[in-house]
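0 is the number of the first residue of the sequence shown in numbering that gives the first Met the number 0; add one for each residue after it.
Heads up: the structure comes next, in structure tokens.
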Amino acid sequence: MPKVGMEAERRRSLIHATVDAIHERGYSDITMAQIAKRAGVSGGLVHHYFGSKDQLLAATMRHLLTELGKAIREGLSNAATPRERISAIIAGNFAHDQFQPAVIAAWLAFYVQSRTTDSNNRLLRIYAARLASNLTFNLRAFIPREDARRVAEGTASMIDGVWIRQALSDASTDRNAAISMVEDYVETQIAAHSARAATS
0 MPKVGMEAER RRSLIHATVD AIHERGYSDI TMAQIAKRAG VSGGLVHHYF GSKDQLLAAT
60 MRHLLTELGK AIREGLSNAA TPRERISAII AGNFAHDQFQ PAVIAAWLAF YVQSRTTDSN
120 NRLLRIYAAR LASNLTFNLR AFIPREDARR VAEGTASMID GVWIRQALSD ASTDRNAAIS
180 MVEDYVETQI AAHSARAATS
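Next comes the structure, spelled out in structure tokens:
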């Protein structure tokens, strides 16, 4: 009889093995059997839990999105002002356990597969909508609603762009530099709107 919690542990192992395999070989070149071997389980078990490689990628991304959400919520719990909340959202998107090579490679595969896989596309749209909504809500403390939406989209695009550029680069990840780049954009936009408001 399987031990209590064994299924959850095996699922986690397979998800971690998927992230590592994508980083090492690329999504298109890995097989379910290779992932199972890396996780130390049978090929039949990975098919039993996830069904297909696309479903395994979707489960992997749900796991990574959950971890990303935890990092952002942790930062928000210590943020007292709208500006601090914006910074917490930005920093959470570059959390230490997320903004590292293996996870970045998994995210790039997720972006590519979301173009042709409905479940992945839905996950990506939920993530993008939530990020834009959270940024817009807090930016409205400094910027009119319509402009706040535009700046939020720009901020989200910068976050995604930094991730994609890092995925295509051989350089080591620099979390602080990534955060500073996005923060500079936000600060510039807030300052520009403040200057316009002061002269109008």
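Ideal Cβ placement from N, Cα and C applies to all residues, glycine included.
Helix, strand or coil at residue i according to DSSP, with G and I counted as helix
i: Ser-51; result: coil
i: His-95; result: coil
i: Thr-198; result: helix
i: Gly-153; result: helix
i: Met-0; result: Note that Met-0 scores a pLDDT of 43, beneath 50, so its modelled location is shaky; the value from the coordinates is reported in the next line. If DSSP states are grouped into helix, strand and coil, Met-0 belongs with coil.
i: Gly-39; result: coil
i: Thr-59; result: helix
i: Asp-173; result: coil
i: Ala-78; result: coil
Short Cβ contact (8 Å threshold) for residue i with residue j
i: Asp-53; j: Thr-116; result: yes
i: Ile-21; j: Ile-29; result: yes
i: Met-60; j: His-46; result: no
i: Leu-63; j: Ala-105; result: yes
i: Gln-99; j: Ala-70; result: no
i: Ala-94; j: Asp-19; result: no
i: Leu-75; j: Ala-90; result: no
i: Ile-142; j: Ile-189; result: yes
N- and C-terminal bounds of the alpha helix (DSSP H) containing residue i
i: Asn-278; result: What the structure shows of the chain is the stretch from 0 to 199, and residue 278 is not part of that stretch, so it cannot be assessed.
i: Ser-12; result: 5-24
i: Pro-143; result: Run containing Pro-143: none; DSSP gives neither H nor E here.
i: Leu-167; result: Here Leu-167 belongs to no alpha helix (DSSP H), and DSSP marks it neither H nor E.
Buried or exposed (CB count within 10 angstroms, at least 16 for buried), residue i
i: Asp-39; result: Here residue 39 turns out to be Gly, not Asp, going by the sequence shown. It is exposed - the Cβ of Gly-39 has fewer than 16 other Cβ atoms within 10 Å.
i: Ser-113; result: buried
i: Ile-125; result: exposed
i: Met-157; result: buried
Cutoff 8 Å: residue i Cβ touching any chain B Cβ
i: His-15; result: The structure shown contains no chain B; it holds only a single protein chain.
Supposed contact pair residue j and residue i - C-beta distance, whole angstroms, cut 8 Å
i: Val-161; j: Val-181; result: 7 Å
i: Tyr-26; j: Leu-56; result: 7 Å
i: Tyr-48; j: Arg-11; result: The pair is not a contact, with the Cβ atoms about 11 Å apart (cut-off 8 Å).
i: Ala-131; j: Ala-151; result: 5 Å
i: Ile-103; j: Ala-166; result: 5 Å
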